[in-house]
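Student: I'd like to ask you about the structure that follows.
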Amino acid sequence: MKIATFNINGIKARIDALPAWMADAEPDVVVLQEIKSMDENFPSEIFEERGYNVETHGQKSFNGVALLSKYPLEDVSRGLPGDPDDDQARWIEATVTGEKDALRICGLYLPNGNPAPGPKFDYKLDWMARLEGRARALLDEETPFLMTGDYNIIPQAEDAARPDAWRDDALFRMEARTAFRRIVNLGLTDAFRARTQGPGHYSFWDYQAGAWNKNDGIRIDHFLLSPACADRLKDCQIDRDVRGKEKPSDHVPVWIELDI
DNA sequence: ATGCCGCCTCATAGGCGA
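Each residue of the first sequence is one higher than the last, beginning at 1 in the UniProt record's numbering.
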């Protein structure tokens with residue numbers, strides 16, 4: 001089962017590039033972030049015509065996550081538990097069943113948190129505490145699971161071309177990295193780092209200042225796998241070439257292959 | 001020190017992103 005995550009930075013702007021990449025990559029499941037669309041305006045038909053089931057959790061103008069899956073999407077749940085006043089659309093989860101086992105797939109768009117310090121950074125840290133709570137709850141269940149999406153976290157210096165430039169940024173500040181590390185340390189596996197070590201692997205390049213041409217990127221789109229899920233990991237890759245194509249998002253897809 | 005670029009919208013300027 002091939003599962004991909006992709007922050008598309010607006011479904012309307014990626015109406016050609018997203019299906020083009022999917023036709024090439026042939027993922028079984030796609031976890032989308034920043035659809036920037038309300039549910040009723042998401043062009044589900046485009047994907048349904050290609051054999052995907054579609055579940056969205058959208059909002060107007062900002063944020064928004066979605067699941068596209070060739071397998072049925074069961075027990076769909078929207079919104080990260082822990083704060084009934086949080087109306088930002090950043091979390092969706094569903095169960096898919098492969099040939100061997102069921103898998104709980106959680107799609108997330110973690111808050112950016114800039115400027116830091118400040119209320120937006122506080123919201124990011126609060127959100128990460130809730131994410132840790134959800135991870136703990138899922139670990140108590142029997143179903144293997146993964147949590148994937150745009151984490152807006154640079155885990156280590158090797159995950160940025162210019163780590164010094166990010167030192168005080170909400171994506172790299174110690175409080176944010178520590179919160180991420182605390183979640184991983186529950187027993188989850190960073191799928192990319194389970195397969196590939198060393199610097200120079202990025203999933204985001206800013207539109208500004210020629211970042212792509214200079215390969216001035218950061219790795220902020222991640223797969224965290226539960227122990228039972230990590231046992232099924234066959235591969236994890238970043239589709240970096242997508243950044244150089246026509247009208248790209250500033251993020252590229254990251255995908256895993258699971259024997260499940 | 002800031003903007004760079006590109007997304008969005010009760011748009012044509014301003015908020016947001018990373």
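Built from N, CA and C at the ideal position, the CB exists for glycine as well.
Just curious, the beta strand (DSSP E) that residue 344 is in, first and last residue?
Tutor: Any question about residue 344 goes unanswered here, given that the chain covers just 1 to 260.
Student: Hey, methionine 1 and aspartate 24 are a contact pair by Cβ (cut 8 Å); roughly how many whole angstroms apart?
Tutor: In the first sequence, the residue the question calls residue 1 occupies position 1. In the first sequence, the residue the question calls residue 24 occupies position 24. Not quite, the Cβ-Cβ distance comes to about 18 Å (not below 8 Å), so this is no contact.
Student: Is the beta carbon of aspartate 216 less than 8 Å from the beta carbon of alanine 161?
Tutor: As a position in the first sequence, residue 216 is number 216, starting the count at 1. As a position in the first sequence, residue 161 is number 161, starting the count at 1. Contact flag set, yes.
Student: So alanine 13 and glutamine 59 are in contact, right, with Cβ under 8 Å, and what is the actual spacing, rounded?
Tutor: Here residue 13 refers to the residue found at position 13 when the first sequence is read from its first residue. Here residue 59 refers to the residue found at position 59 when the first sequence is read from its first residue. Going by Cβ atoms, the distance from alanine 13 to glutamine 59 rounds to 17 Å, so no, they are not a contact pair.
Student: Can you list, in chain order, the residues of its chain whose CB lies under 6 Å from that of valine 254, leaving out five sequence neighbours each side?
Tutor: Counted from its first residue, the first sequence places residue 254 at position 254. The answer, listed in chain order, is Thr5, Ser203, Asp221 and Ile238.
Student: Whole angstroms are fine: how far does the CA of asparagine 53 sit from the CA of valine 65?
Tutor: Residue numbering aside, residue 65 sits at position 65 when the first sequence is read from its first letter. Residue numbering aside, residue 53 sits at position 53 when the first sequence is read from its first letter. Rounded to whole angstroms, valine 65 to asparagine 53 spans 14 Å at the Cα level.
Student: Can we say the stretch 146 to 154 touches the stretch 99 to 113, given the rule of at least three CB pairs closer than 8 Å?
Tutor: Counting Cβ pairs under 8 Å, three or more are found: they touch.
Student: Should the stretch 128 to 136 be regarded as contacting the stretch 168 to 185, the criterion being three or more beta carbon pairs within less than 8 Å?
Tutor: The stretch 128 to 136, when compared against the stretch 168 to 185, does touch it at the 8 Å Cβ threshold.
Student: Which residue wins for smallest C-alpha separation from alanine 194, given the options Asp241, Gly149, Gly51 and Asp231?
Tutor: Position 194 of the first sequence, counted from the first residue, corresponds to residue 194. That would be Asp231, whose Cα lies nearest to the Cα of alanine 194.
Student: Taking the continuous beta strand (DSSP E) assigned at aspartate 235, which residues delimit it?
Tutor: Within the first sequence, the letter at position 235 stands for residue 235. Run containing aspartate 235: 233 to 238, per the beta strand (DSSP E) assignment.
Student: Under the three-state reduction of DSSP, which class applies to asparagine 7: helix, strand or coil?
Tutor: Looking up residue 7 in the first sequence gives position 7. In the structure shown, asparagine 7 sits in a strand (DSSP, three-state: E or B).
Student: May I ask you to report which of helix, strand or coil DSSP gives isoleucine 256?
Tutor: To locate residue 256, count along the first sequence from 1; it is residue 256. Three-state DSSP puts isoleucine 256 in a strand.
Student: What does DSSP give as the partner residue(s) for valine 29 in the beta ladder?
Tutor: Looking up residue 29 in the first sequence gives position 29. Bridge partners of valine 29: Ile3 and Ser69.
Student: Relative to the C-alpha of tyrosine 71, which candidate in Ile3, Cys236, Leu225 and Phe42 has its C-alpha closest?
Tutor: Residue numbering aside, residue 71 sits at position 71 when the first sequence is read from its first letter. The shortest Cα separation from tyrosine 71 among Ile3, Cys236, Leu225 and Phe42 belongs to Ile3.
Student: Are the CB atoms of isoleucine 8 and serine 37 nearer to each other than 8 Å?
Tutor: Numbered from its first residue, the first sequence carries residue 8 at position 8. Numbered from its first residue, the first sequence carries residue 37 at position 37. Their beta carbons are not under 8 Å apart, which means isoleucine 8 does not touch serine 37 by this criterion.
Student: Span of the beta strand (DSSP E) holding leucine 125?
Tutor: On the first sequence, residue 125 is found 125 positions in, with the first residue counted as 1. Careful: leucine 125 lies outside any beta strand (DSSP E), inside the alpha helix (DSSP H) at 119 to 139.
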